[in-house]
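In the working numbering, the protein residues as written are 433 to 700.
Here is the structure we will look at, set down as structure tokens.
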Ligand code: ZN
Ligand code: FE
Ligand code: FE
Ligand code: ZN
């Protein structure tokens, strides 16, 4: 069973299309299971400083949950999961834990879009790359991914090498960082996703890089799939490539989630 677990909704302020349209798109692609995983509100900043083009307002979270439940109950041919994409922000994990444990999520993504408040994956702030030497930035990014895995807050790490989004690369792939990070994710018992969105950006590559995924597979890290759809037509996009990569690296199973319990099912 192939599930697309990374789907956004209009509420995040930068996605388009009604939730019903995402479900219809999934149906047309022959998917039997999907999960909505909208962005957590900007819980680490005071309300008046929150940018509503990054994520929903705090008041919208209960409505998001209700909408997903309403659609879940209505849908008989596609399983719909309640997911969430939660930013890992060191120093604010207590607040996040309260949000995550308050609602009956099927799975929670831990994603890193910010390093010390810098939205490195937002093209509006790309001048921030100039403040770093590439190797130091990669080290800091992957250290943060490792800490997100160790936090115990998440089921799946989202787009685990997002730092390459704008094709900001090292001369050689950081195999040592891949190795260390994969080992720590494996020890923490957290899953990762193969995320198709990298293909839509200058990186022109799935997240994570094959050399990283090989090491994740070696350390027994379970994998799931996500399109990171922000438009209905992106649901299930490039899943052929995602599956091909998973198989090539040696995965025989894929992870599905219900009420934060993981089950491994055979790859088609
Ligand atoms: Zn988004
Ligand atoms: Fe993300
Ligand atoms: Fe996303
Ligand atoms: Zn995402």
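The beta-carbon is built from N, C-alpha and C at its ideal position, and this holds for glycine as well.
Practice task
Output the distance between the C-alpha atoms of residue 485 and residue 582, rounded to the nearest integer angstrom.
Solution key: Cα atoms of residue 485 and residue 582: separation of roughly 29 Å, rounded to the nearest angstrom.
Exercise for the section: Mind checking who residue 627 pairs with in its DSSP beta bridge? Expected result: 639 and 658
Handout entry: Inter-residue Cα distance where the pair is residue 535 and residue 468
Key = 14 Å
Problem - Residue environment, residue 698, which counts as buried when at least 16 other CB atoms sit within 10 Å - result: exposed
Handout entry: Boundaries of the beta strand (DSSP E) in which residue 696 is found, first to last residue
Key = 693 to 698
Exercise for the section: Please list, in chain order, all residues of the same chain as residue 440 whose beta carbon is under 6 Å from its beta carbon, the five residues on each side excluded. Expected result: 447, 470 and 662
Practice task
Identify every residue that forms a DSSP beta bridge with residue 514.
Solution key: 468
Practice task
For residue 543, write down the residues that DSSP places opposite it in a beta bridge.
Solution key: 519
Practice task
Go ahead and pull the three-state DSSP assignment for residue 588.
Solution key: Here residue 588 sits in strand by DSSP.
Handout entry: Nearest-angstrom Cα separation, counted from residue 621 out to residue 508
Key = 32 Å
Handout entry: Simplified DSSP assignment, three categories, for residue 450
Key = In the structure shown, residue 450 adopts coil according to DSSP, grouped into three states.
Problem - Pairwise C-alpha distance: residue 458 and residue 594 - result: 25 Å
Practice task
Tell me whether residue 469 counts as near ligand 3, meaning its Cβ is closer than 8 Å to at least one heavy atom of that ligand.
Solution key: yes
Problem - Three-state secondary structure assigned by DSSP to residue 457 - result: helix
Practice task
State yes or no: is the C-beta of residue 450 within less than 9 Å of the C-beta of residue 442?
Solution key: Yes.
Exercise for the section: Compute the Euclidean distance between the alpha carbons of residue 522 and residue 682, then round it to the nearest angstrom. Expected result: 33 Å
Handout entry: Separation of residue 531 from residue 493, as counted between CA atoms
Key = 10 Å
Problem - Where residue 603 sits in the DSSP three-state scheme - result: coil
Practice task
Under 8 Å Cβ to Cβ from residue 501, same chain only, skipping five residues before and after it: list those, please.
Solution key: 514
Handout entry: Check your reading: residues with Cβ closer than 6 Å to ligand 2 heavy atoms
Key = Taking each Cβ in turn, the ones that pass are 517, 543, 545, 590 and 591.
Exercise for the section: Quick one: give me the first and last residue of the alpha helix (DSSP H) that residue 673 is part of. Expected result: 671 to 681
Exercise for the section: Could you check the C-alpha separation between residue 604 and residue 504 for me, to the nearest Å? Expected result: 45 Å
Practice task
Would you give the residue range spanned by the alpha helix (DSSP H) that residue 499 belongs to?
Solution key: Run containing residue 499: 493 to 506, per the alpha helix (DSSP H) assignment.
Problem - Straight-line gap, residue 645 to residue 639 (C-alpha atoms, nearest Å) - result: So the alpha carbons of these two residues sit roughly 9 Å apart.
Exercise for the section: Measure the alpha-carbon distance for residue 688 versus residue 568 and round it to whole angstroms. Expected result: 35 Å
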